[in-house]
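Here is the structure we will look at.
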């Protein structure tokens with residue numbers, strides 16, 4: 088494996104990690120506020136479809152992005168209604184949202200485009216194209232560092248950079264602002280928030296809506312950045328990998344970046360090589376695909392560092408003395 | 007203010023005045039036409055039994071519940087308190103019985119939460135830090151602002167709650183059963199803090215069911231009974247006896263008719279029993295005691311001093327170190343045979359302290375609850391199936407003998423009143439004819455009529471030559487039922503007394519850890 | 050005391066939920082420019098109008114009975130087994146190994162062996178998350194989701210690398226030998242002279258599924274184990290007080306649950322495909338959640354709910370065949386049923402409770 092191949096894999100890992108990172112941060116906001124969100128997959132899928140459909144119809148990827156976010160927000164609202172307003176089971180609500188997105192995207196897709204559930208291929212302004220970072224061309228000649236800048240960091244779509252920016256932003260919001268303090272508190276002990284005179288419902292809805300926006304970005308990136316159309320079930324379990332990454336990251340923004348990048352790397356490697364020969368053992372690609380899930384189970388089991396979820400996670404808040 | 011008519015000085019307006027407050031939950035009237043005036047700069051006690059309606063009243067004041075009727079005046083101004091936000095704005099701070107703190111936040115973050123100065127945390131935290139130092143100096147409220155809540159003790163946590171209220175500029179501080187979780191020394195420290203706050207002109211409402219506290223720190227005391235305010239008196243003009251009568255509404259001491267005990271062989275022998283909980287806190291510290299056949303040993307103590315752990319170890323719910331024998335044979339305290347099932351097989355029956363959480367499955371029918379814990383009984387099986395018919399028949403007999411009402415074994419446990427629920431548990435455990443009966447809080451939340459019945463049944467079992475270990479936080483119950491009394495404090499036994507050779511006062515002192523040396527040091 | 054009578058809880062509320070799900074689905078059909086009434090008619094005709102339709106409907110029903118029972122048994126212990134999908138896939142592996150590598154003289158013996166293998170594989174797959182939940186406190190919902198994906202990858206590897214016949218392209222095992230082929234419902238009814246379409250996948254497994262319902266009924270409500278499972282599900286502290294071992298109950302209950310999910314494989318793998326195809330569970334594990342919710346975790350309710358979802362699955366297929374409404378409509382209906390019965394239950398329940406309270410006050 089030469090240097091250039093490694094760079095290519097890392098480059099690909101970055102692209103593949105982007106939807107995971109958006110979705111992982113979405114889950115982070117939601118679960119930090121005490122709302123389990125196993126509907127990340129569905130929200131991404133819904134956003135992917137509506138962003139591609141809108142981008143195709145209008146020719147504008149930005150309108151597509153908005154539509155994707157809108158679709159994801161609508162599903163978030165259902166989740167909020169079920170798990171906050173009516174104090175239903177958050178897990179079941181998530182399962183329902185995944186099904187709903189899975190069915191609706193194909194149903195509507197077939198009815199609108201008659202392409203077996205796909206949207207027509209996007210091109211030109213209906214897709215996010217790569218952004219060359221300044222001096223990428225000029226610096227590519229610099230040994231070692233140059234190619235990293237020009238091959239790996241430069242040339243991605245704008246959403247990749249947005250995702251990366253979301254990491255410090257999320258960190259700042261969570262740990263350095265009033266909103267973040269309250270958000271973290273409501274996921275740990277909503278009664279403390281309530282008795283401090285802050286609305287638990289309001290906070291939890293805001294968290295869920297932020298999650299909606301981020302899932303919208305994830306889905307839009309899948310269909311209009313990474314891919315060039317919507318394909319049925321195109322999320323292919325990424326919502327769950329993001330969930331796994333969230334646990335792996337112990338519900339922290341910077342760790343979320345590392346975890347999603349690791350999982351993106353695994354995907355990039357298994358895309359490129361059918362099996363990985365480590366010398367003493369050959370790892371099949373199926374193993375690479377399963378690795379994020381296996382790692383998450385190991386983490387959850389507490390064999391390697393304990394992942395402690397927000398304490399009030401999954402429980403609807405009922406006022407009591 | 008135009009409201010200040012009649013030339014009264016403004017200090018004369020009560021800090022809080024409630025007029026005709028009523029509140030019902032379905033058919034239960036928790037507060038009936040309650041009126042009260044709390045003067046500024048005083049400590050006002052509200053005393054009453056569990057379920058008298060004290061907490062409901064305070065929850066109305068803090069915006070948790072909306073009163074059905076009535077008016078609230080704060081410093082003479084009519085105020086509505088629809089939510090906690092409004093209560094805080096009106097200058098009310100509340101220290102709940104169960105603290106409302108975020109465990110993995112620092113003290114500082116907990117204090118600031120909800121009272122931030124702007125969208126960004128930095129300045130808020132800095133301001134709070136300096137203010138905490140100020141408050142700490144002023145009121146003996148020393149807490150490390152950077153300590154995590156989960157790493158400090160309950161006494162400290164309570165101080166954080168008080169600091170939270172003060173940081174929000176509360177003028178009126180409500181404390182709901184503040185000493186329930188405190189050691190006596192911590193409680194004394196709390197009272198010093200409250201005195202300091204009073205001296206600074208703050209108004210304090212202290213809700214408790216402990217007479218000693220009322221007598222010690224309050225200026226005025228209001229008594230609640232069954233949702234009504236029965237009296238408000240100056241503390242210095244009253245006595246514990248008078249307050250107790252007002253609280254209970256009758257001049258009764260529940261004396262149980264019982265013959266002197268005829269203790270036989272030692273049934274339970276506990277030596278050097280210690281329990282460490284999962285947080286690493288030692289809850290029982292080398293307790294030794296014994297109970298003989300035909301006697302009731304009562305364990306007196308303030309809740310949380312290790313008596314629950316004692317019952318749990320003997321009942322097979324908790325592991326421990328030390329040695330325990332029952333009828334001379336050792337009990338397994340940590341291994342495979344330390345579970346509740348093995349305990350039952352050894353002739354130990356257990357009426358747990360919290361029947362709704364442990365003793366019963368609230369959604370199960372009465373007959374299912376009769377088999378609960380004894381579902382292995384061969385009499386309840388037929389082949390590989392359970393013999394539900396036999397269980398129901400057995401239950402009907404128990405219902406009759408224990409006068410459970412309504413006498414319907416198909417009703418879910420949650421449909422029975424507290425007293426009848428307890429009778430179901432008691433019937434199940436007593437009729438197993440155990441060698442040793444463990445009883446925790448037998449009459450908590452039980453109506454008067456059922457209390458007598460339950461007490462009689464326990465004494466009857468004693469008279470059949472069984473050993474009984476009774477744990478209760480009701481001193482009166484301990485005094486009237488026990489043949490011997492052991493007092494527990496801070497995980498250790500303070501000593502034993504015979505009921506006819508002691509009184510509430512002496513026991514109360516022992517329960518506060520006063521008979522040993524260095525109790526102050528122990529408590530902190 | 051609950052505010053509503055029992056019948057309202059187990060009949061009225063699910064019906065209202067179902068009605069809402071259908072109502073919204075109808076609006077969706079309208080929105081894509083089709084006629085919902087006509088669509089419903091096509092579904093009913095296609096799924097229930099002929100023995101051919103019934104043959105498919107009952108085939109799907111059989112799948113859903115197994116996965117529904119699996120979810121329900123776990124529900125009784127307050128455990129949410131979302132891993133039916135992976136457990137059923139592993140069950141398929143068990144069935145394939147039994148059918149491919151052991152020469153069976155007759156289908157009856159093969160069925161018994163395959164059932165045991167399917168249950169054992171499913172139970173094994175559920176036992177790991179169960180152990181981790183019981184011993185290490187790992188959230189079983191997350192671990193069972195992860196195990197679905199791990200099962201998919203494992204099956205992919207085993208089928209592609211070990212079980213796929215040489216030269217074959219599709220990810221599937223070889224056809225099972227003749228003696229393991231199960232009689233179809235058509236064959237069976239034929240021997241009694243009842244005419245029933247022979248070209249449909251419904252098979253003798255339906256009877257196994259119904260037997261499983263009886264088994265689950267007795268297990269949950271009539272055995273000591275069921276008593277302990279229900280007690281544990283209602284209150285863990287109480288269970289400990291009663292000497293019920295939480296670790297043991299969690300693991301046993303999840304293994305029964307996983308075993309039931311695994312047993313689905315005798316229907317779809319052994320009975321229908323007669324070989325193991327990758328991805329053949331087709332979401333039945335998840336539909337089990339809807340079935341258990343709708344059926345109130347009771348075997349009778351589960352049979353009825355499974356029949357409903359079987360009807361939807363077959364009706365949806367017919368719909369896509371004869372109209373331009375795609376079969377994914379069924380996924381939408383499933384989603385809405387899960388949403389209304391599982392997550393938005395409070396939205397329907399509260400008004401119903403108010404109505405009953407008002408009625409009671411008048412009476």
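Chains as they are written, first to last, in this note's numbering: chain B, 88 to 408; chain Z, 7 to 530; chain E, 50 to 412.
Don't be surprised by glycine CBs; every beta carbon is placed ideally from N, CA and C.
Review point. When the Cα of residue 334 (chain B) is compared with those of B:323, B:396, B:94, B:324, which residue comes out closest?
Key: Among B:323, B:396, B:94, B:324, the Cα nearest to that of residue 334 (chain B) is on B:396.
Exercise for review: Whole angstroms is fine: what's the gap from residue 177 (chain E)'s alpha carbon to residue 184 (chain E)'s?
Suggested key: The straight-line gap from Cα to Cα measures roughly 10 Å.
**Study point:** Straight-line gap, residue 410 (chain B) to residue 205 (chain E) (C-alpha atoms, nearest Å)
**Key:** Since the first and last residues shown for chain B are 88 and 408, residue 410 (chain B) lies out of range.
**Study point:** C-alpha distance - residue 361 (chain Z) paired with residue 376 (chain Z), whole-angstrom precision
**Key:** Their backbone Cα atoms lie some 13 Å apart in a straight line.
Practice item. Could you please give the first and the last residue of the uninterrupted alpha helix (DSSP H) stretch that includes residue 125 (chain E)? Key: Residue 125 (chain E) -> alpha helix (DSSP H) spans 100-125.
Exercise for review: Anything in chain Z within Cβ reach of residue 286 (chain E), meaning under 7 Å, just list it in chain order.
Suggested key: Residues of chain Z with a Cβ closer than 7 Å to the Cβ of residue 286 (chain E) are, in chain order, 363, 364.
Review point. Of all Cβ atoms in chain E, is any one closer than 9 Å to the Cβ of residue 156 (chain B)?
Key: With respect to chain E, the C-beta atom of residue 156 (chain B) has no partner C-beta closer than 9 Å.
Practice item. Round the Cβ separation of residue 204 (chain B) and residue 162 (chain B) to the nearest angstrom and send it over; I've been treating them as touching at under 8 Å. Key: Between residue 162 (chain B) and residue 204 (chain B) the Cβ distance is about 19 Å, and since that is not below 8 Å, they are no contact.
**Study point:** residue 313 (chain E): first and last residue of the uninterrupted alpha helix (DSSP H) it sits in
**Key:** 295-314 is the span of the alpha helix (DSSP H), which, as asked, contains residue 313 (chain E).
Practice item. Could you tell me which of Z:366, Z:108, Z:135 sits nearest to residue 279 (chain B), measuring between CA atoms? Key: Closest by alpha carbon: Z:108.
**Study point:** Identity of the residue in B:109, B:244, B:173, B:117 nearest residue 400 (chain E) by Cα
**Key:** Here the closest residue by C-alpha is B:173.
**Study point:** Residues from the stretch 262-295 of chain E in contact with chain Z, defined by Cβ distance under 9 Å
**Key:** Residues passing the 9 Å Cβ filter: 267, 270, 271, 272, 273, 275, 276, 277, 279, 280, 283, 284, 286, 287, 288, 289, 290, 291, 292, 293, 294.
Review point. Which bits of chain B does residue 110 (chain Z) rub up against, with CB to CB less than 7 Å?
Key: Those within 7 Å of residue 110 (chain Z) in chain B are 275.
Review point. If you measure from the beta carbon of residue 408 (chain B) to each beta carbon in chain E, is any gap under 9 Å?
Key: Residue placement at residue 408 (chain B) cannot be trusted, given a pLDDT of 49 that sits under 50; the coordinates are not used to answer.
**Study point:** Selected residue, minimal CA-CA separation from residue 283 (chain E), among Z:196, Z:29, Z:207, Z:366
**Key:** Comparing Cα positions, the closest option is Z:366.
Point to revise | For residue 278 (chain Z), the first and last residue of its enclosing alpha helix (DSSP H) | key: Where residue 278 (chain Z) is concerned, there is no enclosing alpha helix (DSSP H), although the beta strand (DSSP E) it sits in stretches over 272-282.
Review point. So what does DSSP say about residue 116 (chain Z), is it helix, strand or coil?
Key: Residue 116 (chain Z): helix per DSSP, three-state reduction.
Check your understanding: Roughly how many angstroms lie between the CA atoms of residue 411 (chain Z) and residue 337 (chain Z), to the nearest whole one?
Key -> If I take the Cα positions, the gap works out to 37 Å.
Point to revise | Short CB-CB distance (under 9 Å) between residue 95 (chain B) and chain E | key: Not one chain E Cβ lies under 9 Å of residue 95 (chain B).
**Study point:** C-alpha gap between residue 503 (chain Z) and residue 275 (chain Z), whole angstroms
**Key:** Straight-line spacing of the CA atoms in residue 503 (chain Z) and residue 275 (chain Z) works out to 18 Å.
Check your understanding: What does residue 124 (chain Z) touch in chain B if you count any residue whose Cβ is under 8 Å from its own?
Key -> Taking a Cβ-Cβ cut-off of 8 Å, the neighbours of residue 124 (chain Z) in chain B comprise 265, given in sequence order.
Check your understanding: What residue range is occupied by the uninterrupted beta strand (DSSP E) comprising residue 264 (chain Z)?
Key -> Per DSSP, residue 264 (chain Z) belongs to no beta strand (DSSP E) and is neither H nor E.
Review point. Would you call residue 468 (chain Z) buried or exposed, if buried means 16 or more other Cβ atoms sit within 10 Å of its Cβ?
Key: Residue 468 (chain Z) is buried by the Cβ-count criterion.
**Study point:** Within 8 Å of chain B by C-beta, residues of the stretch 344-369 of chain E in sequence order
**Key:** Near chain B, meaning a CB-to-CB distance below 8 Å, no residue of the stretch 344-369 of chain E qualifies.
Check your understanding: Quick check: the stretch 293-303 of chain E against the stretch 218-227 of chain E, are there 3 or more CB pairs under 8 Å?
Key -> By the Cβ criterion, the stretch 293-303 of chain E is not in contact with the stretch 218-227 of chain E, since fewer than three pairs of Cβ atoms, one from each stretch, lie closer than 8 Å.
Practice item. Below 8 Å CB to CB, which residues in the same chain sit around residue 241 (chain Z) once its five sequence neighbours on both sides are set aside? Key: Closer than 8 Å at the Cβ level, and outside the excluded window around residue 241 (chain Z), lie 51, 220, 221, 224, 225, 226, 227.
Review point. Which chain E residues sit within Cβ distance under 8 Å of residue 371 (chain B)?
Key: Within 8 Å Cβ-Cβ: 206, 210.
**Study point:** Cβ shell of residue 401 (chain Z) (< 7 Å), same chain only, five flanking positions each side left out
**Key:** Same-chain partners within the cutoff: 372, 373, 376, 415.
Point to revise | Selection from B:168, B:231, B:113 that minimises the alpha carbon distance to residue 344 (chain B) | key: Minimum Cα distance to residue 344 (chain B) is reached at B:113.
Check your understanding: From residue 246 (chain Z) to residue 294 (chain Z), what distance separates their C-alpha atoms?
Key -> Straight-line spacing of the CA atoms in residue 246 (chain Z) and residue 294 (chain Z) works out to 34 Å.
Exercise for review: Please name the residue or residues paired with residue 318 (chain Z) in a DSSP beta bridge.
Suggested key: DSSP, once it has assigned bridges, lists no residue as partnering residue 318 (chain Z).
Exercise for review: Give the residues from the stretch 370-397 of chain Z that approach chain E closer than 9 Å (Cβ to any Cβ), ordered along the chain.
Suggested key: Listed by position, the residues of the stretch 370-397 of chain Z near chain E (Cβ gap below 9 Å) are 370, 374, 377, 378, 379, 380, 381, 382, 386, 387, 390, 391, 392, 394.
Point to revise | Neighbourhood of residue 95 (chain B) by C-beta distance below 6 Å, restricted to the same chain and skipping five residues each side | key: Spatial neighbours of residue 95 (chain B) in its own chain (CB-CB distance under 6 Å, excluding positions within 5 residues in sequence) are not present.
Practice item. Just the chain C side, please: which residues come within less than 8 Å of residue 300 (chain B) by C-beta, in chain order? Key: No chain C is present in this structure, whose protein chains are B, Z and E.
Check your understanding: Under a three-way DSSP split, which group does residue 339 (chain Z) fall into?
Key -> Coil, per DSSP.
Check your understanding: Which of the three DSSP states, helix, strand or coil, is assigned to residue 271 (chain E)?
Key -> In this structure, residue 271 (chain E) counts as helix in the three-state DSSP scheme.
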